[in-house]
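Encoded as structure tokens, the structure appears first; notes follow it.
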Amino acid sequence: MEAPPCSQVEELQPEQEHGSSLVVGLRLCDSAPLLWRFQDLKTVRSNSLVGALLGSLPRTPRQNIRLGRPLLLMPEEERVLREHHGAAALSARNQDAAGAAELRQRYEEEQQRSLEEQSILALEDRKSALLRAMTSSSGSESGAGSDEALQCRLLALEQNFSFPRSALAVQLSTARAGLSHCQEARAFLEADWPIREQDSPRRDARYQVFRDLWGRGFFLTSAGKFGGDFLVYPGDPLRFHAHFIAVCLTLDESICMLDVLSVARLGSNVKKTVLLCSPALDGSVHYTSLQWSGMM
Amino acid sequence: PCELFAARSRSHKIPARGQKDFYPDDSEEQRQRLQQSLDEHWNLIAEERVERLGNLVKATWVPSDQIVELQTPAGKFWQTMGFSAEGKQYLLPEEALYLMECGNLLVFHQDLPLSIQDGYEMFLSSDAVSLQQYQVFGHLKRLGYVVHRFDPSSEPSSYVRQLNLPQSRERGGRQLKRKRSPSPTPTCSHTKTPGESLAEKMEDDDKLPESDLMTSAEPPEPQTASPHSAAKGQARTWWMMDAPELEADKRSSPGSPSGRLRWNFSTIPFPDLGSTSRPRCMVPVDPSLLPRDVTVGVCDLDSWMRKINLRKVKMSVKEQQREKRRRRWDVNKDREVQRCRNWAEYHELLARRQAKRQGRPAHLWNREVKPLHDPTQPISTAELLEKISVVKSTNLLEGASRLKCSEEWRICFNVYQPDSVADFKKSNPGKPYSRMCVCSFDGPVPDLRVIKQLAFQSGDVPIVYAVVDYGDISFYTFKDFQLPRDVYA
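Each protein sequence line maps, in turn, to chains A and B.
Sequential numbering from 44 applies to the first sequence in our numbering.
Sequential numbering from 614 applies to the second sequence in our numbering.
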């Protein structure tokens, strides 16, 4: 069942550089910020934040090439969302007894309704299949004889038809349904997303660099495998290769020559330029690119 | 509901990803391809799992035990996942969550079905299975591996496996028993530590554990807690596991899996005589560890020390032939020796032969500082290298037994290969293919201490470090390597 168009909970003035800024609902799972609702994922991507998908893909769960919801945000992405007032906390699962009883009843009713409707659909399906089979087999013959036989068969089908409960198609929802029970539309957003990050010069430097590059329209993902902080894409990662490996350093941090060599080597092996990035005191960021060139 | 019904005939294929572009130009063609990719992407992401109610196994979440109890019989997954206890079928939370994501399981809590989001939020937390650990678990399961939790206490050591003792695994029984402890996470801390250090003669080393393991490896009766093993071990209980739990369990859960006494070797310190830093002396054996009426004297270490840490020297073909000839050579067959009529003549013969060989320059050998090796003496390259080496080479497990367990680092999972699924038995899974330790690029890099300690804990199964980087997982492993020291002619 596809999600009906999500109704916007809050709408703020659209940002200059990016698309419309709707508020997305975040939930913490083991202190990691996750996005569950399909519409939230779309919103976040339209703001050139990529995130990382963690779950199995419903269509083909037993492979790792394409994953599905939830979407995990990097701390920098989370902070950017929060600072632009685009993030809020979704409510937890309703655990209290009173609410639960009501929900249970609603669930039962819905299951029953679904069963009845599906039963009708299944019967229709079978009837049309029968019709097709009969008319195709008796294509050349004509007359009332075959018509009558057809009517008999249809009647018999209707009388003997049964739709067992085990044949009921149910949905295992990915995201939790809100109180309104409309699968993914309205969900109660409790409060503004709180400040979670611990302060450290390293984290701060990373964030400054992230914000600067993001502001210029680049898409950024994590680059642990490449020995850097971020992978910088000129456009959506679905269609473009990354250009840079960004390594974030504070201005006064000293870096060992061996580290420079190793990251430069790695960059040339994977055909990406290494960017050493350091945020300056005035808010701008200094970039130094490394290029491996031999001595002739 | 009509959408649900229509979902029965959904395609099960995912579109292949096309080639990526390098640079964004503002071309319409590029924009279109991007839009197409995005649309495909959103279609896949938005899809929900729809299943026939009859195909779904139903279960309930039991938060007090952090376990999922099956309400309808398990399906094919039962071959490699889950455990039975007290006549019911259970799944561990990470297994249940994985099956939910595959669309095979429907879990209820308070009579309402849980969404995948509910599952993540309720089953995963840093004290049970963390999100990162679940990421690794899911990744491996999706590839087809069989992944079980690692429990250091119930892993048979390579020694036990060598003895080929029958082993039974109580996978879940452990989880249920832990109503008192916080989580199934095994901890390394010892319940009781011995007052003095113990030492045992090497022969006792071999005999004692063997005899006791035999008694405790008797097939346990399923539903009755066997009291006889508790009675036998009256004199020696503090270093055995399960003994205190046995008493408590007899009262609390009568149907729990039988108490099988096992030696907890981590609380009995065995002196590490194999390491290069030798213990100064051997304390005499604690009499409570010995059978009655057996006394043991002081152990003479030196003769034993000479017999251990020997490495087999790899010989080239020529050397092997030489060795064969040397062994077969009988001094009495030498004609010149046969001509000697007495010892004096024999000594002269030897002296003559010695003189023939290139002698040792006297000025080198007469002083305090002598050459390291007499060139007239045969020596293998390995031994020579040993003589001139300043740094001794070592192996990974050297000294590892003395290391205490670290708080942060632990082995999480045992991983078994996918092709073994056909004859996989949960009660006796055999030796795992590897063991996983989950960490992240944000955290510290495992230092030598951690690597040694975990490698020791794992025995002869290699350890793989799964490093989680948000959505990405990289696997690293450290292999022991010895520089070759023998030269072949």
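All C-beta atoms, glycine included, are put in the ideal place defined by N, C-alpha and C.
query, result
"Using a beta-carbon distance cut-off of less than 7 Å, what residues from the region 696-718 of chain B approach chain A?", "Met713, Glu714, Cys715, Gly716"
"For threonine 217 of chain A, which residues in the same chain have their Cβ closer than 6 Å to its Cβ, ignoring the five residues on either side in sequence?", "Arg112"
"Could you list which residues in chain A have their beta carbon closer than 7 Å to that of phenylalanine 1054 of chain B, in chain order?", "Gly267"
"Assuming asparagine 717 of chain B and phenylalanine 690 of chain B form a contact by the criterion Cβ under 8 Å, report the distance between their Cβ atoms to the nearest whole angstrom.", "7 Å"
"So, at 7 Å on beta carbons, what are the nonlocal neighbours of alanine 212 of chain A in its own chain, with the 5 sequence-adjacent residues on each side left out?", "Gln161"
"Tell me whether phenylalanine 1088 of chain B is buried or exposed, calling it buried when 16 or more other Cβ atoms sit within 10 Å of its Cβ.", "exposed"
"Have a look at aspartate 1082 of chain B and serine 74 of chain A and give me their C-alpha separation to the nearest angstrom.", "15 Å"
"Quick one: which chain B residues come within Cβ less than 9 Å of glycine 98 of chain A?", "Glu714, Ile729, Tyr733, Gly751"
"When the Cα atoms are used, what is the spatial distance from alanine 1013 of chain B to aspartate 740 of chain B?", "27 Å"
"When the cut-off is 8 Å and only beta carbons count, does glutamate 53 of chain A lie next to chain B?", "With a pLDDT of only 32 at glutamate 53 of chain A, under 50, the local geometry of the prediction cannot be trusted, and the value read off the model is given with reservation. So no, glutamate 53 of chain A is outside the interface."
"Using a Cβ-Cβ cut-off of less than 7 Å, list which residues of the region 272-291 of chain A approach chain B; keep chain order.", "Pro277, Gly278, Asp279, Leu281, Arg282, Phe283, His284"
"How far does the beta strand (DSSP E) with glycine 68 of chain A in it reach, from first residue to last?", "67-72"
"If I'm right that valine 1058 of chain B touches valine 749 of chain B with Cβ under 8 Å, what's the distance once you round it to whole angstroms?", "Incorrect: roughly 17 Å between the Cβ atoms, too far for contact."
"So the beta strand (DSSP E) proline 76 of chain A belongs to, where does it begin and stop?", "75-78"
"So which residues on chain A does tryptophan 655 of chain B lean against when the C-beta distance must stay under 7 Å?", "Lys85"
"Considering only residues of the region 689-757 of chain B, which uninterrupted beta strand (DSSP E) runs meet the minimum length of 3 residues and lie entirely inside it, listed in chain order?", "696-698, 701-704, 718-722"
"Along chain C, in chain order, which residues have C-beta atoms closer than 9 Å to that of glycine 667 of chain B?", "This model lacks chain C altogether, as its protein chains are A and B."
"For arginine 147 of chain A and leucine 725 of chain B, I'd like the C-alpha separation in whole angstroms.", "6 Å"
"Got a sec: which bits of the region 1075-1091 of chain B sit with their beta carbon under 8 Å from any beta carbon on chain A, in order along the chain?", "Val1080, Asp1082, Tyr1083, Gly1084, Asp1085, Ser1087"
"Determine whether the Cβ of proline 797 of chain B lies closer than 8 Å to any Cβ atom of chain A.", "Residue placement at proline 797 of chain B is flagged as unreliable, the pLDDT there being 36, under the threshold of 50; a coordinate-derived value is accordingly withheld."
"Whose CA, out of B:Val720, B:Glu641, B:Glu664, B:Phe1091, lies closest to the CA of asparagine 1008 of chain B?", "B:Phe1091"
"Quick one: is tryptophan 335 of chain A buried, meaning 16 or more other Cβ sit within 10 Å of its Cβ, or exposed?", "exposed"
"Output the boundary residues of the beta strand (DSSP E) element that contains proline 113 of chain A.", "111-115"
"Closer than 8 Å, CB to CB, is serine 915 of chain B near chain A or not?", "Reading off the sequence shown, one finds aspartate at residue 915 of chain B, where the question assumed serine. Not one chain A Cβ lies under 8 Å of aspartate 915 of chain B."
"Throw me the rounded Cβ distance for the glutamate 714 of chain B and serine 99 of chain A pair, which I believe falls under 8 Å.", "4 Å"
"Hey, quick one: how far does the alpha helix (DSSP H) through tryptophan 655 of chain B stretch, first residue to last?", "641-659"
"Please tell me whether leucine 124 of chain A has its Cβ less than 8 Å away from any Cβ of chain B.", "no"
"Could you give the residue range of the alpha helix (DSSP H) that holds tryptophan 257 of chain A?", "244-258"
"On the three-state DSSP scale, how would you describe valine 1004 of chain B?", "coil"
"Would you tell me roughly how many angstroms separate the C-alpha atoms of glutamate 119 of chain A and threonine 316 of chain A, rounded to the nearest one?", "22 Å"
"Could you tell me the distance, in whole angstroms, from the CA atom of serine 1019 of chain B to the CA atom of lysine 1065 of chain B?", "11 Å"
"Decide if the region 77-94 of chain A is in contact with the region 255-273 of chain A; the criterion is three or more beta carbon pairs, one per stretch, under 8 Å apart.", "yes"
"For valine 675 of chain B, name the three-state secondary structure that DSSP assigns.", "strand"
"Report yes if the C-beta distance between valine 663 of chain B and tryptophan 674 of chain B is below 8 Å; otherwise report no.", "no"
"Given that a residue counts as buried once 16 or more other Cβ atoms are within 10 Å of its Cβ, and exposed if not, what is aspartate 913 of chain B?", "exposed"
"Thinking C-alpha only, which one of B:Leu1016, B:Val1028, B:Tyr1029 is nearest aspartate 1060 of chain B?", "B:Leu1016"
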